Amino acid sequence: MRGGKMSQDEKYMRAALAEARQAELLGEVPIGAVVVYQGQIVGRGHNMREKFQDATYHAEMLAIMEACQTLGSWRLEDCDLYVTLEPCIMCSGAIINARVKRVIYAAPDPKAGAVASLYHLLNDERLNHQVEVVAGVLAAEGGELLRHFFRGIRRRKKLAKQAAKQNN
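Per full-length UniProt numbering, the very first residue in the sequence shown carries number 1; after that it's consecutive.
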């Protein structure tokens, strides 16, 4: 499926993956997002919960806030949001409230995903806005970033535990 939307989706997902790598460099869970309007990235974000000690500093939230600021409107009706992990309940709520046109995500989130894994918020017809969803764009890359990050955390915890044992 080369050309057209797929190549554009891959292009912007690569920008979201670059944001995820920025999060990883900061010791944050590597999730990144970009908002695209008329072929231009108007909002970028990556997880920053640890840095700011704020539970709402998810990649999607930060990208949406920047896009709203850039466009001078809370309505993002003609915008697409690219994110490396399936959005959670909070982020899905923000996506609906901002009236984002499309959400394109890489990896599913079986523990907190509110788009398809646990809930289907973006397509719930009881809500005032539904969002077109494209899942799985560069899913392997998005998933591998997360697996690598959490493997590193588990490894560090194991080493710390071993060191503590030796000191006792």
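From the three backbone atoms N, C-alpha and C, an ideal C-beta is built for every residue, glycine too. Nothing here was measured: the structure is a model prediction, and the numbers come from that model.
With distances taken from CA atoms, which of the options is nearest residue i?
{"i": "leucine 71", "options": "Ile41, Val115, Ala33", "result": "Ile41"}
{"i": "cysteine 79", "options": "Arg155, Asp9, Ala160", "result": "Asp9"}
{"i": "residue 175", "options": "Val34, Val115, Gln22", "result": "Beyond the ends of the chain as shown, which are 1 and 168, falls residue 175; an answer cannot be given."}
{"i": "leucine 138", "options": "Asn168, Leu159, Ile104", "result": "Ile104"}
{"i": "valine 36", "options": "Lys101, Phe52, Asn97", "result": "Lys101"}
{"i": "glutamate 50", "options": "Cys68, Glu86, Gly27", "result": "Gly27"}
{"i": "leucine 29", "options": "Ala164, Leu146, Gln162, Leu159", "result": "The residue you asked about is not leucine; residue 29 is valine in the sequence shown. Nearest of Ala164, Leu146, Gln162, Leu159 to valine 29, Cα basis: Leu146."}
{"i": "alanine 15", "options": "Ser73, His129, Leu81", "result": "Leu81"}
{"i": "alanine 111", "options": "Asn123, Ala98, Ile89", "result": "The question names alanine, but residue 111 is lysine in the sequence shown. Among Asn123, Ala98, Ile89, the Cα nearest to that of lysine 111 is on Ile89."}
{"i": "histidine 58", "options": "Ile31, Leu121, Leu159", "result": "Ile31"}
{"i": "alanine 116", "options": "Ala140, Glu86, Asn128", "result": "Glu86"}
{"i": "methionine 48", "options": "Glu24, Ala163, Ala140", "result": "Glu24"}
{"i": "valine 83", "options": "Ala20, Ala140, Ala55", "result": "Ala20"}
So residue i and residue j are supposed to be a Cβ contact under 8 Å. How far apart are they, rounded?
{"i": "glycine 152", "j": "alanine 107", "result": "Glycine 152 to alanine 107, Cβ: 17 Å. No contact."}
{"i": "alanine 98", "j": "arginine 75", "result": "7 Å"}
{"i": "leucine 121", "j": "isoleucine 96", "result": "7 Å"}
Would you tell me roughly how many angstroms separate the C-alpha atoms of residue i and residue j, rounded to the nearest one?
{"i": "alanine 114", "j": "serine 92", "result": "7 Å"}
{"i": "alanine 94", "j": "arginine 155", "result": "35 Å"}
{"i": "phenylalanine 52", "j": "glutamate 132", "result": "31 Å"}
{"i": "glutamate 77", "j": "asparagine 168", "result": "60 Å"}
{"i": "glutamate 66", "j": "arginine 44", "result": "7 Å"}
{"i": "alanine 18", "j": "tyrosine 12", "result": "10 Å"}
{"i": "aspartate 124", "j": "glutamine 130", "result": "7 Å"}
{"i": "glutamine 166", "j": "lysine 157", "result": "14 Å"}
{"i": "glycine 3", "j": "valine 134", "result": "Because glycine 3 carries a pLDDT of 48, less than 50, the predicted location of this residue cannot be relied on, and the following value inherits that uncertainty. Their Cα atoms are separated by approximately 16 Å."}
{"i": "cysteine 68", "j": "glutamine 38", "result": "14 Å"}
In three-state terms, what does DSSP make of residue i?
{"i": "glycine 43", "result": "strand"}
{"i": "tyrosine 37", "result": "strand"}
{"i": "cysteine 88", "result": "coil"}
{"i": "proline 9", "result": "What sits at residue 9 in the sequence shown is aspartate, not proline. Three-state DSSP puts aspartate 9 in a helix."}
{"i": "glycine 93", "result": "helix"}
{"i": "leucine 81", "result": "strand"}
{"i": "glycine 32", "result": "strand"}
{"i": "methionine 48", "result": "coil"}
{"i": "arginine 75", "result": "coil"}
{"i": "leucine 26", "result": "coil"}
Any heavy atom of the ligand MN closer than 7 Å to the CB of residue i?
{"i": "valine 83", "result": "Questions concerning the ligand MN fall outside what the structure shown contains, since it holds no ligand whatsoever."}
Quick one: which unbroken beta strand (DSSP E) runs of 3-plus residues sit fully inside the segment 95-149? Chain order, please.
-> Runs found: 102-107, 132-135.
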